[in-house]
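Quick notes on the structure that follows.
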Amino acid sequence: MARVEIIAPKDKADEVVKELLKIKSFQPEDPKTPISQEKVEEARRKYGEINEAISKLKVIMELGGVPLEPKGKMEVNNWIDISTKILENYRKFEDKYKELLEEIGKLRAELESLETQRRELEPFKNVGIDLSLLYNTKTFDIALAIITAEQRKELEKRNFVVICECQKGGLYPAIIIGLRGSNLTQTLKELGIRRLETQDLVSPLQAYNNLMERINYIQSLLSERRGKLAESVVNDSEELSSLYGELLTSRDAMYTLSKARVSNYYIQFEGFIPEKDLKTLNKKLGDKAFITYTYPKRFGDEEEPPTYVNLPSTIKPLESVVEYYGTPSYWEISPTVFLVITFPFLFGLMFPDFGNALVVLLFSIWFYNYGKKRGSLNIMQLSLVLIYGSIIAMITGILAREFFGPLPVGGLRELLDNPSLQVGPLYSIWPVSQSAYNTIRYILPTGGERGLINTIILSLLLGAILLFISSLMGVVNAIKKKDSEYLLLDRLPVLLIYTVPLIVFTYGLTYPQDFFGQIITLLGGIEYFIFHSGTPAPNGTQLLADILVIWIELALIYNWIGKMVILRKHEKLTVGGALAIGFIEGAFEAGILLISNTVSFIRVLVFAVAHYYILFAFSYMAYLAAGSPTSTIAVLSNPLGIIILILGNLIAIALEGLIVFIQDMRLHFYEMFSKFYEGRGRKFEPVMAYVELP
């Protein structure tokens, strides 16, 4: 990333802005050393007007069902003049739709008000007595109201009878009764309780029915007006898309000009541009302007440069997941490169069912097109992340021979664990044969006790590898940051700590024929060294176990000392305070995190097992509902069985799919990103042309 200063004659300003928009990689900034304090005030005013016009135009296009895709071509000689013309053109469309939009706005406002009244009346909609009679009895003072738990207690304390039908969101729709003369009205006022009233004090039942009639009428009227607007907008869709592109382009041009400084003869632009585009910039503007540039420091500069991450368009959507955590600082490695492999991979491991993953894939494609139509980049990026994850889940589902649960492939043979029973209809055509599955089943969570233990070890191995890589990236970032103190006292101790799990769970590679047995033996040696219980491991393995335990102890002490030095130097704590807090953060907490972060990856196994057995349970219920037949087809063709299977799969897809996505993010945000990623940077947001600029 380079910071560029461009000084051009004032009469070349429009040409310079045009080229900067066409390059699509220049982010305007306020000049560090301005040639004057004079700004292009007209551009600043136009920028606000255009932003407002874009917001309103998006509403028109969305209501009309026109995709928010900029199109068109612009001939530009003067950006201020062309922006004025574009705004005039926009106002023609605004005037054209103004009456309909205002009517739709009023109808929506009225509908919202009616819905509020409906929610208030709904708890009392079965009360058929007119409120004029109910509120004016000779013996009692009565009120219908929605109250809180505290208000209910206070009313009962004052000897009022409170009858509650139900509790809803901490609020109680209630009938409040007191003897005539008990000052119920005054009490309600003191407690801030509003008595339910209807027009002309008719019964809540009648008021609710009248309200629903009005709501239905307004909804039909609103639907009719929206249809009329949509029909008109669709006819103008090409012009609107072109206008949308012109407004976006003019907005970026006005923003660029608003950041500039002007003198009597020159105009000054300044901003950031990726180093790879410097040659293009010089080629396009070399004959129109004087260009200089500097390279910001990786760390320690007064200004935080924007972070530009050059990613292929196919994996760029995963950057949206990273941005939930924060934008990388200029000196940081972007976690997106890391995430592109790990996020879909972990999702697929936790959601291994080809059929369920296929549904998620189809939903994601629909959701992507919906986001594209709405012009929502966030929806489109989230959809692509789900698409990547579901594709990997389809692959793991093929390997696990799972398709909407065990019945379609394994059939009753798998469901009842009886080799004499019938298999599923997809058994013989499944891409992974039963013999191939039998070869790998002992590393799958559904492969019995042996498979479960092996999968636990593989989950921990995966965690150890990812945590080591995360810690290593923390060291690399510290080197890039050029902060030796941060490197030696903070990042290096963490790397040393998380090297131990990597050694433990890759130890099986020393003898691949007994991979899992070697790891279990080493873990037994560690247990023997710490607790002096059980049997020691063979000589070489026990020696390694002893070394690893001592390694951890020394690494935690190193981390403790590092935290003490940082606390003393930067937090100005006393020696005693630094010693105590350093121990808590650097030794005790770090040791707990070592165990919890590594063990946390067992959730990969847990969710895979949970997914399988939820579908297994619903498959068994479908089998019972079908009358416990001996034929798999009989279960799959039974109407009640089909309903149960569909219900079970919908629960698995909706609930587990969401939970797995959240847990995948959690593993990245808390277990991995915390080892290397700060995310305190600012995003690179270049100006660009959204239409063709000849």
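Sequence positions in the sequence shown follow our numbering and run 671 to 1364. Virtual Cβ for every residue (Gly too), placed ideally from N, Cα, C. Nothing here was measured: the structure is a model prediction, and the numbers come from that model.
Terminal residues of the beta strand (DSSP E) in which residue i lies
| i | result |
| --- | --- |
| residue 963 | 960–964 |
| residue 1169 | No beta strand (DSSP E) holds residue 1169; the alpha helix (DSSP H) holding it covers 1162–1176. |
| residue 679 | 672–679 |
| residue 814 | 810–818 |
| residue 1343 | Note, residue 1343: premise wrong, no beta strand (DSSP E); not H, not E. |
| residue 1351 | Where residue 1351 is concerned, there is no enclosing beta strand (DSSP E), given that its DSSP letter is neither H nor E. |
| residue 993 | Unbroken run through residue 993 is the alpha helix (DSSP H), 989–993; no beta strand (DSSP E). |
| residue 1058 | Where residue 1058 is concerned, there is no enclosing beta strand (DSSP E), although the alpha helix (DSSP H) it sits in stretches over 1047–1070. |
| residue 833 | 831–834 |
7 Å CB neighbourhood of residue i in its chain, flanking five on each side removed
| i | result |
| --- | --- |
| residue 685 | 958 |
| residue 969 | Confidence in residue 969 is poor, its pLDDT being 49 and thus under 50, which makes the residue's placement too unreliable to answer from. |
| residue 680 | 932, 935, 936, 937 |
| residue 832 | 822, 825, 826, 844, 846 |
Spatially closest choice to residue i from the options, by CA coordinates
| i | options | result |
| --- | --- | --- |
| residue 1263 | 906, 1171, 1203 | 1171 |
| residue 818 | 1019, 694, 1156, 844 | 844 |
| residue 1290 | 905, 1045, 1269, 1085 | 1085 |
| residue 1122 | 978, 1278, 1076 | 1278 |
| residue 878 | 1275, 1327, 790 | 790 |
| residue 616 | 896, 723, 1078 | Any property of residue 616 remains undetermined from this structure, which presents the chain solely from 671 to 1364. |
| residue 726 | 861, 703, 913, 781 | 913 |
| residue 1008 | 672, 1025, 1020, 1342 | 1342 |
| residue 1196 | 1221, 1182, 1180, 1181 | 1221 |
| residue 722 | 921, 711, 794 | 921 |
| residue 773 | 793, 852, 689, 898 | 898 |
| residue 1032 | 1207, 1046, 1006, 1064 | 1064 |
| residue 1078 | 1304, 1156, 882, 1105 | 1304 |
| residue 1334 | 988, 752, 980 | 988 |
| residue 990 | 1349, 1313, 1274, 1288 | 1349 |
| residue 714 | 923, 829, 852, 1223 | 923 |
Whole-Å CB distance - residue i paired with residue j, under 8 Å assumed
| i | j | result |
| --- | --- | --- |
| residue 1310 | residue 1295 | 4 Å |
| residue 919 | residue 687 | Rounded, the Cβ-Cβ distance is 10 Å, inconsistent with contact. |
| residue 720 | residue 917 | 6 Å |
| residue 1070 | residue 1114 | 6 Å |
| residue 997 | residue 977 | 6 Å |
| residue 1127 | residue 1186 | 6 Å |
| residue 1226 | residue 1248 | Between residue 1248 and residue 1226 the Cβ distance is about 16 Å, and since that is not below 8 Å, they are no contact. |
Cβ-Cβ distance between residue i and residue j below 9 Å
| i | j | result |
| --- | --- | --- |
| residue 1120 | residue 1112 | yes |
| residue 801 | residue 866 | yes |
| residue 1141 | residue 1168 | yes |
| residue 1292 | residue 1267 | no |
| residue 629 | residue 946 | Limits of the chain in this structure are 671 at one end and 1364 at the other, which puts residue 629 out of reach. |
| residue 1159 | residue 1242 | no |
| residue 1272 | residue 1130 | yes |
| residue 734 | residue 900 | yes |
| residue 1138 | residue 909 | no |
| residue 1381 | residue 673 | In the structure displayed, the chain extends from 671 to 1364; residue 1381 sits before or after that span and is not available. |
| residue 771 | residue 811 | no |
| residue 1257 | residue 1229 | yes |
| residue 1068 | residue 1030 | no |
| residue 880 | residue 889 | no |
| residue 1059 | residue 1018 | yes |
| residue 1074 | residue 1100 | no |
| residue 731 | residue 903 | yes |
| residue 864 | residue 858 | yes |
| residue 1319 | residue 1124 | no |
| residue 1313 | residue 1306 | no |
| residue 798 | residue 892 | no |
Delimiting residues of the alpha helix (DSSP H) encompassing residue i
| i | result |
| --- | --- |
| residue 1186 | 1185–1201 |
| residue 846 | Segment 841–849 is the beta strand (DSSP E) holding residue 846; no alpha helix (DSSP H) there. |
| residue 1025 | 1024–1044 |
| residue 940 | It is not in any alpha helix (DSSP H) - residue 940 instead sits in the beta strand (DSSP E) that spans 936–943. |
| residue 1008 | 1006–1020 |
| residue 1252 | 1245–1252 |
| residue 856 | 854–861 |
| residue 646 | This structure does not reach residue 646, given that the chain is present from 671 up to 1364, and the question cannot be answered. |
6 Å CB neighbourhood of residue i in its chain, flanking five on each side removed
| i | result |
| --- | --- |
| residue 1081 | 1092, 1093, 1094, 1302 |
| residue 676 | 939, 959, 961 |
| residue 953 | none |
Chain-order list of residues whose beta-carbon lies under 8 Å from that of residue i (same chain, five-residue window excluded)
| i | result |
| --- | --- |
| residue 1174 | 1134, 1189, 1192, 1193, 1196, 1218 |
| residue 1088 | 1082 |
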